[in-house]
Structures are given as structure tokens and as C-alpha cells.
Ligand code: B12
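Chains as they are written, first to last, in the numbering used here: chain C, 6 to 222; chain B, 2 to 338.
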């Protein structure tokens with residue numbers, strides 16, 4: 006078989022097929038990290054790009070992500086065994102007063118699609134909870150989503166809470182959601198803003214690489 | 002002309018004295034009236050008093066009994082939380098398995114002693130103003146209501162991979178209830194029923210055709226059959242389904258700010274559909290200046306020669322400066338038609 010078959014089925018959201026193909030790839034002796042990268046993550050990347058280009062819509066991304074999760078579950082024991090580590094840890098939530106979570110969920114899924122471990126703390130999240138989670142779960146990145154002009158200011162509170170807790174130099178803070186702009190992100194002192202889920206995942210992966218390299222030297 | 006004559010004129014293809022103003026006020030209205038949003042969504046007297054005052058002051062031509070999406074879901078038995086100053090929401094979806102929907106969801110009389118009835122009472126209460134104003138009712142579209150009951154993330158997943166019959170079974174239930182609620186509102190004295198189908202802006206045109214369009218059309222037809230009119234309102238970017246929105250036969254098609262208003266106008270060509278919209282509620286009303294408001298209100302209106310009602314793309318944000326909403330009315334009065 007070719008690993009590309011996995012990514013194609015994943016793009017079509019066919020969870021059962023993805024699960025079966027991952028098992029087949031394991032049985033045929035493909036290394037776990039290749040199944041992950043060339044099969045699952047490649048498929049998730051492709052769907053993210055098509056979503057960004059308005060070729061597919063929210064439902065298609067949701068089922069692709071579900072297929073990825075099912076495939077990843079089959080692969081998980083092997084990944085742990087072979088010592089493949091998550092590329093980084095992220096905690097993500099929608100800020101206090103805001104219940105919109107479709108965009109946040111897509112961002113979380115695309116980040117998982119980049120091999121990051123994502124801790125989703127849901128909606129209506131107070132600033133302190135972002136910080137507590139980041140500390141307890143040892144996250145390199147905090148992601149805040151807001152869809153309302155009335156709630157986007159809470160993201161500034163998250164940045165300040167991180168400063169007050171003394172973790173600002175250890176975590177990157179990313180912000181997004183429809184009303185958020187790069188200018189707003191800069192103004193509140195966040196590290197990055199991106200307009201869509203695919204680029205959010207790319208940015209997060211880049212941050213994690215950067216931080217790993219820094220640690221290494 | 003007063004508001005009713007003005008709106009009737011546009012709907013009947015005649016010239017009004019000025020373009021009607023259909024801005025949607027909910028949070029803004031409660032705030033202006035000095036009431037909490039919880040009071041506004043749970044007591045029709047509060048809603049009516051706040052809305053009447055705001056409509057008089059800012060020249061809004063329809064008095065609407067709209068407040069939040071959860072009235073119907075609550076009637077089906079969903080647990081609904083009502084924050085003091087936030088939108089009511091359901092912390093756990095009522096339907097945790099799509100296939101259970103037909104067993105769990107029982108049709109109900111909208112005069113249910115709860116907030117469905119409260120909306121009907123609002124419409125009755127607003128009848129005292131019907132000599133001058135048009136009276137608006139509101140229902141969730143079948144697709145949006147299915148999202149409210151099942152959870153939007155889960156339902157959007159369902160429609161991509163579950164059995165089509167099961168999806169239609171749920172939509173059929175929410176559609177029938179919407180029709181029951183909408184026709185009751187017409188009988189209570191509503192002239193125009195708003196059909197809010199927000200979530201349908203998140204799906205492909207093909208899915209819209211299968212899961213949103215037929216039910217929107219069924220609600221429109223049912224309202225027409227009892228002598229009411231409709232306004233189809235979908236938040237978000239509906240550029241790819243404008244033709245379908247028009248095809249529902251809704252008297253008014255209300256589009257959000259992400260839509261090119263020219264494209265909406267063209268989609269309605271050769272039909273009697275009135276287009277409503279669509280300056281940006283946030284960038285223009287909330288964050289703009291009176292001068293910018295005037296410019297954008299005119300830029301939208303300039304695209305039309307009749308068949309148009311002015312409004313922001315969606316709800317007027319709560320903290321909109323008063324002078325910006327006043328600027329809307331000024332601009333409309335200044336330009337005439
Ligand atoms: C669906 C929806 C709802 C649903 C939400 C269901 C849910 N579980 O999410 C319901 C019905 C509950 C709802 C309620 C309300 N809504 Co609403 N809603 C929408 C709608 C139609 C779609 C939002 C959406 O999911 N978009 C699709 C996703 C994929 O896009 P996204 O969230 O922007 O995410 C993408 C990017 O922004 C980015 N991203 C997102 N998060 C992050 C985070 C990071 C770190 C990064 C880097 C990137 C990133 O990546 C995502 C994927 O590419 C929009 C209109 C629209 N189309 O924008 C209005 C909209 C957001 N809602 C609005 C309003 C006003 C409300 C209400 C106040 C309305 C009311 N009075 O009832 C309430 C508020 C409830 C609350 N307390 O939160 C306004 C907001 C105006 C404003 N800017 O302030 C909008 C824009 C509609 C409008 N034109 O007025 N809504």
C-alpha cells in the first residue's frame with residue numbers, strides 16, 4: 006500500500022477506512038512516524054488548505070478531524086513505544102463571555118494535525134484558567150479565541166495574567182477569531198495572530214520548533 | 002408617511018417617502034432601557050417597552066419580538082441558562098444522539114406558559130402600535146434549531162456523515178414546530194416573520210440545497226398561507242447561496258455584511274424579493290463615526306432603485322454610540338428614496 010491512501014481517505018472524512026488503512030500500514034511494517042506524517046497529518050494539512058480556499062466547509066473539516074482522531078488512536082501505542090514525542094503542547098480556549106467554539110475547535114484539530122498535543126479548555130474561559138492550565142500541563146503555547154467585539158478584550162487580560170504569573174517569557178500567546186486583527190494582537194502584546202486554522206497550526210508548530218532550538222543551545 | 006405605510010409601500014413595489022430602517026436591536030435596546038438582558042428575554046413587557054422607545058427614538062420601522070435563539074429549544078425541553086447580561090444558551094445539548102431525536106422531541110403548543118408564549122404575548126402587546134408600525138415575529142429556521150438542540154458542532158458533523166433519513170427526521174420535527182410557532186405569531190398579529198437560520202452560512206451550497214433550503218421554503222410557504230410575510234435572515238457569509246435564499250420565496254432577504262450587496266441585488270433581479278442589509282455592524286456602527294455611518298448607509302442604498310430596506314448586516318452591537326444610530330436615520334431622511 007501507499008501511505009497517500011490514508012491521507013486521501015482522511016480528506017474525504019472516511020473514519021472507518023482510515024482506521025483500517027492505518028492498521029494495514031502497521032501490519033506492512035511502515036514506521037509509526039511515517040504513518041503519522043505522510044498519512045494522517047498530510048491529509049489534515051490538505052483539508053486545512055482547502056478550507057482556507059473556501060473549497061470545503063465546516064462539516065467536511067469536522068469529519069476529516071474525526072477520521073484523524075480514529076486513525077491516531079490506532080497508532081498511539083506504537084508512537085509511544087517508538088518514542089515519537091509530540092512536537093509541543095498547546096492549551097486553547099474561547100475567552101470568558103464567549104460561547105463560539107467552531108473556529109476554536111478547527112484550530113485545535115489542525116494543531117493536532119501538526120503533531121501538537123492540544124489541551125482544549127472549552128468556552129467561556131476566565132483568564133486565570135488559561136494560565137493555570139498552561140502551568141499545570143506544561144504548555145509552550147496559549148491560544149485564545151474570541152468572536153465578539155465585546156469579548157476580544159479579555160485576550161489582553163490573558164496576556165497580563167501571564168505576566169503577573171511570571172510565565173510570560175516561557176509561553177507564546179496566540180490570538181484569533183473573526184474580529185481579531187494583527188494590529189489588535191500587537192496592541193495587547195500577544196505573540197501572534199493568524200486569520201485561519203491552517204496558518205494557526207503552522208505558526209504554533211514554528212513556535213515550538215523555535216523554543217526547542219533555544220532550549221538545545 | 003408613518004412606518005407601516007412606508008414598509009407596505011416597499012413590499013408592494015411602490016415608492017416610500019424614505020427607505021425603511023430595519024435595524025435589529027436587542028442588547029442595545031435592553032441597555033437603552035436600563036434593563037438586564039435577562040429581563041429583556043424573559044418578560045415581554047420589558048422587551049416591548051424597550052423596543053418601542055428605541056424605535057421611536059432612532060426611527061426603526063418594525064417593532065420586533067426577537068430576542069435570542071433559545072425560546073424554541075426550551076419549549077422542546079432543553080435546559081437553558083440565562084446569564085444576567087448574556088445570550089441564553091443550553092450548556093448541554095438536549096439531543097445527544099441524532100437517532101434519538103424522533104423519540105425525544107415532541108411537538109408542543111407554543112402557548113406553553115414559557116418563553117414561546119412570552120413571544121406571542123409580546124406580539125399581542127405590540128398590537129397597540131400597529132396603526133403606525135409593522136409588527137415583526139421571529140422563529141429559528143429548521144436547520145439552526147436542529148443545531149440548537151443537537152449542538153452545532155455535532156450537527157454539522159452529522160450532516161457530513163450520518164444517515165440522511167435521520168437528519169431529515171430531525172429537521173422535519175424542527176420545521177413543523179417552526180411552522181406552528183410562526184403561524185401562531187401571524188395569528189397573534191405579526192406582519193412579518195423573521196426566519197433566523199444562522200448556521201446555514203457554514204455549509205456548502207450542495208448541503209444548503211439538501212438540508213436548509215427545503216425547510217426554509219416550507220416555513221415561508223406556511224407563513225404566506227396564513228397571510229403573513231417573511232424575512233429570511235442568515236448571519237455570516239452567504240455569498241454562495243444567495244440564489245437559493247431568493248428562491249425560498251421569502252418576501253425579504255436579509256444579508257450580513259460579508260456579502261457583496263450588489264450580488265444580492267442581482268440574485269433578486271426579476272423577482273419581487275426585497276433585499277435588506279448590510280453595512281458592518283461592528284466596524285461601522287460600533288467603531289465608526291456618524292460621518293462613516295452616513296457614507297455606508299448611502300453606499301448600500303445607492304445600489305438600489307426600490308426593493309430595498311436599510312439595515313446593518315446583523316444585530317446593532319450593545320455599545321453602539323447613540324450618535325451613530327441617529328446618523329442612520331439622518332442619512333435615510335436626507336436622501337429620501
Ligand atoms: C455560529 C454563530 C453563533 C452560534 C455559535 C455556536 C458555537 N458553538 O460556536 C450561536 C448561535 C450560539 C451564536 C451566538 C451569538 N452570536 Co454569533 N455567530 C455565529 C456565526 C454565524 C458563525 C461563527 C463561526 O463559527 N464561524 C466559522 C468559524 C470556522 O470561523 P471563526 O470562528 O472565525 O474561526 C476561524 C478564524 O477566525 C481562526 N480562529 C478562530 N479562533 C482562533 C484562535 C487562534 C489562536 C487563531 C490563531 C485563529 C483562530 O480560525 C478559524 C478557522 O479558520 C457568526 C457569523 C460569521 N459567519 O462570522 C456569528 C457572529 C460571530 N455572532 C455574533 C453575535 C453578535 C452573537 C450573539 C451576541 C448574538 C445574539 N444576540 O444572540 C451571540 C453571543 C453568544 C455568546 N455569548 O458567545 C456576531 C459577532 C459580532 C461581533 N464581532 O461582535 C457575528 C459576527 C454575527 C454578526 N454579523 O453580527 N453565534
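Glycine is no exception: its CB is placed at the ideal position from the N, C-alpha and C atoms.
Best match in the options for proximity to residue i [C-alpha to C-alpha]
i              : options                           : result
residue 108(B) : 170(B), 131(B) and 174(B)         : 174(B)
residue 168(B) : 314(B), 126(B), 216(B) and 21(B)  : 216(B)
residue 232(B) : 17(B), 202(B), 274(B) and 205(B)  : 274(B)
residue 19(B)  : 307(B), 208(B), 178(B) and 142(B) : 307(B)
residue 133(B) : 298(B), 285(B), 2(B) and 336(B)   : 2(B)
residue 198(B) : 256(B), 6(B), 93(B) and 43(B)     : 256(B)
residue 230(B) : 238(B), 131(B), 94(B) and 221(B)  : 221(B)
residue 119(B) : 8(B), 43(B), 238(B) and 103(B)    : 43(B)
residue 284(B) : 294(B), 46(B) and 223(B)          : 294(B)
residue 129(C) : 115(C), 106(C), 162(C) and 121(C) : 106(C)
residue 102(B) : 309(B), 247(B) and 151(B)         : 151(B)
residue 96(B)  : 124(B), 5(B) and 155(B)           : 155(B)
residue 209(C) : 104(C), 74(C), 112(C) and 16(C)   : 112(C)
residue 261(B) : 213(B), 281(B) and 141(B)         : 281(B)
residue 192(B) : 153(B), 225(B) and 200(B)         : 225(B)
residue 119(C) : 136(C), 101(C), 87(C) and 95(C)   : 95(C)
Neighbour flag for residue i against chain B, beta carbons, 8 angstroms
i              : result
residue 107(C) : yes
residue 62(C)  : yes
residue 184(C) : yes
residue 155(C) : yes
residue 65(C)  : yes
residue 45(C)  : no
residue 78(C)  : no
residue 193(C) : no
residue 48(C)  : no
residue 18(C)  : yes
Simplified DSSP assignment, three categories, for residue i
i              : result
residue 194(B) : strand
residue 157(C) : coil
residue 119(C) : coil
residue 290(B) : coil
residue 311(B) : strand
residue 209(B) : helix
residue 197(C) : strand
residue 130(C) : strand
residue 201(B) : helix
residue 3(B)   : coil
residue 304(B) : coil
residue 113(B) : coil
residue 64(C)  : helix
residue 4(C)   : There is simply no residue 4(C) to check, as chain C begins at 6 and stops at 222 in what is shown.
residue 59(C)  : coil
residue 49(C)  : helix
residue 35(C)  : coil
Within chain E, the residues that residue i reaches when beta carbons sit closer than 8 angstroms
i              : result
residue 243(B) : Protein chains C and B are contained in the structure displayed, whereas chain E is not.
With 16 other Cβ atoms within 10 Å as the buried cut-off, status of residue i
i              : result
residue 311(B) : buried
residue 171(C) : exposed
residue 93(C)  : buried
residue 99(C)  : buried
residue 78(B)  : exposed
residue 243(C) : In this structure chain C extends from 6 to 222, so residue 243(C) is not present and cannot be described.
residue 36(C)  : exposed
residue 125(C) : buried
residue 188(B) : exposed
residue 156(C) : buried
residue 290(B) : exposed
Beta-ladder partner(s) of residue i, from DSSP
i              : result
residue 255(B) : 234(B) and 277(B)
residue 146(C) : 95(C) and 177(C)
residue 137(B) : 65(B) and 193(B)
residue 90(B)  : 82(B)
residue 22(B)  : 311(B)
residue 125(C) : 97(C)
Interface flag, residue i vs chain C, CB-CB below 8 angstroms
i              : result
residue 220(B) : no
residue 90(B)  : yes
residue 236(B) : no
residue 208(B) : yes
residue 205(B) : yes
residue 283(B) : yes
residue 153(B) : yes
residue 158(B) : yes
residue 287(B) : yes
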